[in-house]
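Data first, discussion second: the structure below is written as structure tokens.
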Amino acid sequence: MPMRVLALAAVLGTGAVPAAEYVPLAGGTFASVLPADANAADVAVAPFRLRSQPVTNAEFLAFVTTHPQWRRDRIARVFAQASYLQHWPSATQLGTSALAPQPVTQVSWFAAQAFCASEQARLPTWNEWEFAAAADGTHVDARSDPVWREQILSWYARPSDQPLAAVGGAANLYGVRDLHGLVWEWVDDFNALLVAADSRDQNDPDRLKFCGAGALNLRDRENYAVLMRVALLSSLQASDTTLNLGFRCAKPADLNP
Amino acid sequence: MSRYLAALFVLAFAATLPAAELPGDSIYQMPLALVDQDGRGFQLADRAERPQLVSMFYTSCPYVCPLIIDTLKKTQAELAPAARAKVDVLLVSFDPARDTPARLKQVYAERKLDSASWTLARTDERSVRQLAALLGIQYRALAGGDISHSSVLVLLDAHGRVLARTERIGATDPDFVAAVNQALAAP
Chain A
366 MPMRVLALAA VLGTGAVPAA EYVPLAGGTF ASVLPADANA ADVAVAPFRL
416 RSQPVTNAEF LAFVTTHPQW RRDRIARVFA QASYLQHWPS ATQLGTSALA
466 PQPVTQVSWF AAQAFCASEQ ARLPTWNEWE FAAAADGTHV DARSDPVWRE
516 QILSWYARPS DQPLAAVGGA ANLYGVRDLH GLVWEWVDDF NALLVAADSR
566 DQNDPDRLKF CGAGALNLRD RENYAVLMRV ALLSSLQASD TTLNLGFRCA
616 KPADLNP
Chain B
582 MSRYLAALFV LAFAATLPAA ELPGDSIYQM PLALVDQDGR GFQLADRAER
632 PQLVSMFYTS CPYVCPLIID TLKKTQAELA PAARAKVDVL LVSFDPARDT
682 PARLKQVYAE RKLDSASWTL ARTDERSVRQ LAALLGIQYR ALAGGDISHS
732 SVLVLLDAHG RVLARTERIG ATDPDFVAAV NQALAAP
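Here the protein sequences come in this chain order: A and B. Counting in our numbering, the first sequence runs from 366 upward without gaps. Counting in our numbering, the second sequence runs from 582 upward without gaps.
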């Protein structure tokens with residue numbers, strides 16, 4: 366009987382959204398495009414779990430239904446600009462402009478943070494996202510593979526007026542999907558990336574703005590796909606929303622797997 | 582009896598009014614707990630009622646952060662007396678691990694901060710990131726223990742709305758001083 370009820374709920378589309386899948390990543394020492402200090406040290410990524418797919422419209426609808434202060438008609442303006450969820454037909458409905466299995470977009474950093482908190486999770490850090498996104502189907506770090514790079518870059522060349530695909534693209538080594546080729550993604554420390562217009566200039570007149578080591582130098586300049594993400598994220602305010610910007614969540618490593 | 586009940590309802594409603602009255606674009610919409618240099622806990626929204634000059638810093642910062650305090654002091658000094666009397670200064674640390682209330686208290690004394698208007702405060706790591714996001718401040722912890730950050734002075738009105746901001750540190754920003762004077766002009 367419960368099975369039949371579940372099946373019926375699924376057909377009607379009224380069932381509860383199934384719990385999100387989180388997959389473990391071992392972490393490790395990692396050559397980030399953003400060095401850990403002025404001497405371009407590698408960063409240490411602690412073990413963590415990452416949502417296997419970006420958050421969908423259906424999942425975000427379930428969230429605003431149970432957390433109505435995040436509905437687009439009720440959210441405090443300081444947490445999201447006016448374009449927040451404006452592609453949805455209404456504050457509580459999806460439709461042809463926003464299908465259930467598509468990744469949710471037009472969400473602010475504050476809203477993404479609140480969603481992750483609602484599933485006892487948080488946004489991944491930039492280094493966690495970058496670590497997960499360095500893998501292909503068989504390698505922990507495929508970033509030096511020109512074929513793989515080309516494949517990722519081809520997404521950026523596609524026109525952005527096409528409707529977004531549903532989540533559920535090919536899984537990488539860890540079972541994480543859609544890190545490339547679907548949407549941009551918020552990270553917890555989006556306001557930590559600090560890319561000056563030209564960070565090569567050691568006599569940067571803007572240096573005074575930054576305490577400590579001054580502006581950081583980027584590494585791995587050939588990795589355009591990742592650098593474009595850094596450039597986009599560091600240009601954003603936390604209340605900003607864009608048509609192609611979604612998110613996924615992360616959790617600490619499971620101590621009792 | 583019903584009048585008594587009605588009075589109770591009014592009281593209960595009144596107790597929730599301050600939060601409900603906050604404008605949507607107020608940064609005080611964010612629940613955010615802080616501790617000051619004397620170890621007293623407070624909510625960010627408790628700063629409502631008086632306009633605030635807000636910035637973020639950390640005490641082990643060798644270079645720019647002392648300038649942030651200098652610039653806030655100079656800005657205060659250049660305000661018209663009427664405006665100066667109306668505005669408080671809130672400086673929140675990026676560095677909850679090292680900036681304990683005791684450390685903040687030490688810096689408070691060393692820098693001879695005016696206890697009538699200044700508060701140094703710390704909060705937890707997640708709230709540091711949220712406050713920086715609300716104020717449009719970028720920061721990043723580096724491996725050596727330094728924190729790379731942008732330096733921004735923000736003027737909040739009595740409802741927690743951002744009225745003006747400047748990234749000029751070292752010397753005062755005349756446009757910012759003028760904006761504060763204008764915003765805090767009588768009555």
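Where a beta carbon is used, it is the ideal one built from N, C-alpha and C, also for glycine.
Only those residues of the region 468-482 of chain A whose C-beta falls short of 9 Å from the nearest C-beta of chain B are listed: W474, F475, Q478. At a C-beta separation below 8 Å, I650 of chain B has no neighbours in chain A, since its nearest C-beta there lies roughly 13 Å away. Considering only B:L736, B:G741, B:I750, B:A752, the residue with the shortest C-alpha distance to R665 of chain B is B:L736. The beta-bridge partner set that DSSP reports for V388 of chain A consists of A:L415. Here P400 of chain A is buried. Its C-beta has 16 or more other C-beta atoms within 10 Å. Pairing F475 of chain A with A456 of chain A gives a Cβ-Cβ distance that is not under 9 Å. Among the residues facing chain B, S417 of chain A is not included, as its CB has no counterpart in that chain under 9 Å away. Residue range 633-638 is occupied by the beta strand (DSSP E) that includes S636 of chain B. Contact of D606 of chain B with chain A is assigned, a C-beta pair being separated by under 9 Å. When the beta-carbon positions are compared, S674 of chain B and T704 of chain B come within less than 9 Å of each other.
For L715 of chain B, the chain A residues whose C-beta falls within less than 8 Å of its own C-beta are V443, A603, listed in chain order.
Going by beta carbons, V388 of chain A and V548 of chain A fall outside the 9 Å limit. Counting along the chain, the unbroken alpha helix (DSSP H) around V512 of chain A starts and ends at 511-522. Listed along chain A, no residue sits closer than 7 Å to Q624 of chain B by beta-carbon distance, the nearest being about 16 Å off.
Using a CB distance below 9 Å, the part of the region 545-558 of chain A facing chain B consists of D553, D554, F555, N556, A557, L558, ordered along the chain. Under a criterion of Cβ atoms nearer than 9 Å, no residue of chain B is adjacent to A447 of chain A; the nearest Cβ is some 11 Å distant. DSSP places W453 of chain A in the coil class of the three-state scheme, outside both helix and strand. Put simply, the backbone Cα of Q451 of chain A is about 16 Å away from that of A477 of chain A.
The beta carbon of S599 of chain A falls within 9 Å of a beta carbon belonging to chain B, placing the residue at that interface. Using a 10 angstroms sphere on the CB of D543 of chain A, the tally of other CB atoms reaches 16 or more, which defines it as buried.
Residue environment for Q471 of chain A: buried (at least 16 other C-beta atoms within 10 angstroms of its C-beta). Counting only residues of its own chain and dropping the five nearest sequence neighbours on each side, D554 of chain A has a CB closer than 7 Å to the CB of T490, W491. Taking each of B:Q687, B:A745, B:V743 in turn and checking the Cα distance to Q618 of chain B, the smallest one comes out for B:Q687.
Three or more beta-carbon pairs separated by less than 8 Å are not found between the region 432-441 of chain A and the region 412-419 of chain A, which leaves the two stretches without contact. N762 of chain B and A614 of chain B do not touch by the CB rule: their CB atoms are close to 32 Å apart, not below 8 Å. Three or more beta-carbon pairs separated by less than 8 Å are not found between the region 525-533 of chain A and the region 679-697 of chain B, which leaves the two stretches without contact. Comparing alpha-carbon positions, the option among B:D680, B:A663, B:V635 lying closest to L672 of chain B turns out to be B:V635.
The beta carbon of F428 of chain A sits closer than 6 Å to the beta carbons of F480, S483 from its chain, once the five residues preceding and following it are set aside; these are given in chain order. Going by DSSP, F675 of chain B is part of no beta strand (DSSP E) at all; its letter is neither H nor E. Annotation: I650 of chain B to R684 of chain B spans about 15 Å, alpha carbon to alpha carbon. In the structure shown, A724 of chain B falls within a coil segment according to DSSP collapsed to helix, strand and coil. W435 of chain A carries a helical assignment under DSSP once its states are collapsed to helix, strand and coil.
The C-beta of E424 of chain A has 16 or more other C-beta atoms within 10 Å across all chains shown, which makes the residue buried. DSSP, reduced to helix, strand and coil, places Q471 of chain A outside both helices and strands of the structure shown, so it counts as coil. From the listed residues A:V469, A:P454, A:P468, the smallest Cα separation to S462 of chain A is found for A:P454. In this chain, R442 of chain A is not harboured by any alpha helix (DSSP H), its DSSP state being neither H nor E.
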